[in-house]
Amino acid sequence: MRSTRTDVGTIEDLHASATRLTGLDDFGGDDHLEGMGVLLTSYGKEASLTPDGSRMSRGLMRAALISRLLSEAAWKQFPQRAPVVRPVFVTGLPRTGTTALHRLLTADPAHQGLELWLTEAPQPRPPRSMWEENPVYAMLRAGYEQHHAEHPSFAGAHWTAADQVEECWRLLRQSMTSVSFECLARIPGYSAWLAGQDWTAAYRRHRRNLELIGLHDPERRWVLKNPSHLFALDALLDAYPDAVVIQTHRAPRTVIASVCSLNAQASAGWSTVFRGEVLGRAQLALWSRGLRTFAADRARHDPAHFVDVDYDDFVADPIATVERIYQRLGVPLSAAARAAMTAPRTGRNGPAHRYDLADFGLTGADVDAAFS
36 MRSTRTDVGT
46 IEDLHASATR
56 LTGLDDFGGD
66 DHLEGMGVLL
76 TSYGKEASLT
86 PDGSRMSRGL
96 MRAALISRLL
106 SEAAWKQFPQ
116 RAPVVRPVFV
126 TGLPRTGTTA
136 LHRLLTADPA
146 HQGLELWLTE
156 APQPRPPRSM
166 WEENPVYAML
176 RAGYEQHHAE
186 HPSFAGAHWT
196 AADQVEECWR
206 LLRQSMTSVS
216 FECLARIPGY
226 SAWLAGQDWT
236 AAYRRHRRNL
246 ELIGLHDPER
256 RWVLKNPSHL
266 FALDALLDAY
276 PDAVVIQTHR
286 APRTVIASVC
296 SLNAQASAGW
306 STVFRGEVLG
316 RAQLALWSRG
326 LRTFAADRAR
336 HDPAHFVDVD
346 YDDFVADPIA
356 TVERIYQRLG
366 VPLSAAARAA
376 MTAPRTGRNG
386 PAHRYDLADF
396 GLTGADVDAA
406 FS
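Heads up, the sequence shown is in this note's numbering, so the first residue is 36 and it goes up one at a time.
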């Protein structure tokens with residue numbers, strides 16, 4: 036039954052709710068509490084959430100706490116750790132081909148990605164034949180199938196499924212350190228706080244989760260994807276000093292129009308203010324700052340860490356792009372990988388994603404100035 040409460044909640048009752056749902060009470064320290072408090076204050080004072088928005092935002096925060104509890108319990112049950120050797124991180128502005136490239140690279144049987152359901156319920160990845168028996172997997176699969184049916188336009192913009200590889204920001208969300216919250220609400224107080232944070236502890240927790248989830252696949256290379264890595268390159272390379280970082284590039288005017296449309300659809304009805312120009316200005320400021328931050332940080336690191344991919348080149352010839360990436364990795368593109376990458380894709384349905392800067396009070400000149 037749907038909750039009747041109209042607020043996001045408090046630190047105490049969110050923790051209590053997560054404990055009731057899982058039967059677990061070890062949250063693994065208190066490093067997440069500061070961010071949680073700032074976020075709750077922003078929701079209460081700045082976000083102008085509707086009852087649906089409060090319910091959904093509460094759900095996002097509680098999900099982060101639940102996954103944190105599950106990670107702590109699994110680390111106790113499985114104290115051994117799988118190696119994470121020379122992982123690949125795909126990043127770049129949203130809507131620059133990061134998803135398509137990520138899913139193409141993880142088609143290689145020698146690679147592993149982070150399936151969405153395991154970001155919500157971290158555990159050693161079970162054999163695929165056993166997933167249907169897992170109640171968390173079954174619940175998430177049913178939820179996403181229902182969401183696709185009720186929101187076909189969002190499915191056209193970004194197809195999501197419980198068994199599909201997805202972004203790894205949910206692991207960072209365990210530390211309440213994630214720009215995902217800013218993409219769904221007007222929360223300038225939290226945004227300002229997050230911009231001043233050191234993400235090192237969050238990325239070390241991120242790595243511990245990969246060491247857990249990949250326990251049964253120690254020989255497979257991790258390939259991950261998340262545009263929010265733009266904001267924390269130093270922390271990423273501290274946790275993964277041998278990482279290869281692929282940066283995707285696309286015209287910012289197209290990027291901002293598309294990401295505004297995606298986030299507007301994802302948060303529709305959640306707020307009386309986070310829409311139109313308010314949403315547009317917030318996303319323009321967020322992602323232009325992210326790209327500036329990444330550029331400055333990247334300049335201080337060894338260029339050997341990085342591979343650049345142009346969106347238009349990738350769309351024109353995906354396999355040529357992949358071959359160039361493998362050359363940089365120093366490994367051959369195997370026949371098995373090539374076959375998997377060129378196999379027909381099925382399962383995605385939804386109308387074409389259409390978007391316009393004007394819907395968000397922005398002009399091409401606004402975007403050009405922000406990214407100049």
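Using N, Cα and C, we set each Cβ at its ideal position, and we do this for glycine too.
- Residue environment: T212 is assigned as buried (16 or more neighbouring CB atoms within 10 Å of its CB, all protein chains considered).
- Counting along the chain, Q300 sits inside the alpha helix (DSSP H) bounded by residues P287 to A301.
- Sixteen is the threshold: when 16 or more other Cβ atoms of the shown chains lie within 10 Å of the Cβ of K260, as they do, the residue is buried.
- Counting of Cβ neighbours within 10 angstroms places A374 among the exposed residues, the total staying below 16.
- Under the three-state reduction of DSSP output, H284 falls in the strand class.
- Leaving aside the five residues that flank H264 on each side, the residues in its chain whose CB is nearer than 7 Å to its CB run, in chain order, F124, T126 and L271.
- In this structure the region 356–373 does not lie against the region 299–309, because fewer than three pairs of beta carbons, one per stretch, are closer than 8 Å.
- Contact annotation, A145 with R256: C-beta distance approximately 6 Å; criterion of less than 8 Å satisfied.
- A distance below 8 Å between beta-carbons, with the five flanking residues on each side excluded, links L250 to the following residues of its chain, in chain order: F113, Q115, R116, A117, P159 and R160.
- For G127, the uninterrupted beta strand (DSSP E) segment begins and ends at V123 to G127.
- Boundaries of the beta strand (DSSP E) around F341: F341 to D345.
- Comparing alpha-carbon positions, the option among V402, D332 and L104 lying closest to Q318 turns out to be V402.
- When secondary structure is reduced to three states using DSSP, E168 falls in the helix class.
- In this chain, R163 is not harboured by any beta strand (DSSP E), its DSSP state being neither H nor E.
- Excluding its 5 nearest sequence neighbours in each direction, R310 has C-beta neighbours in its own chain below 7 Å: A299, listed in chain order.
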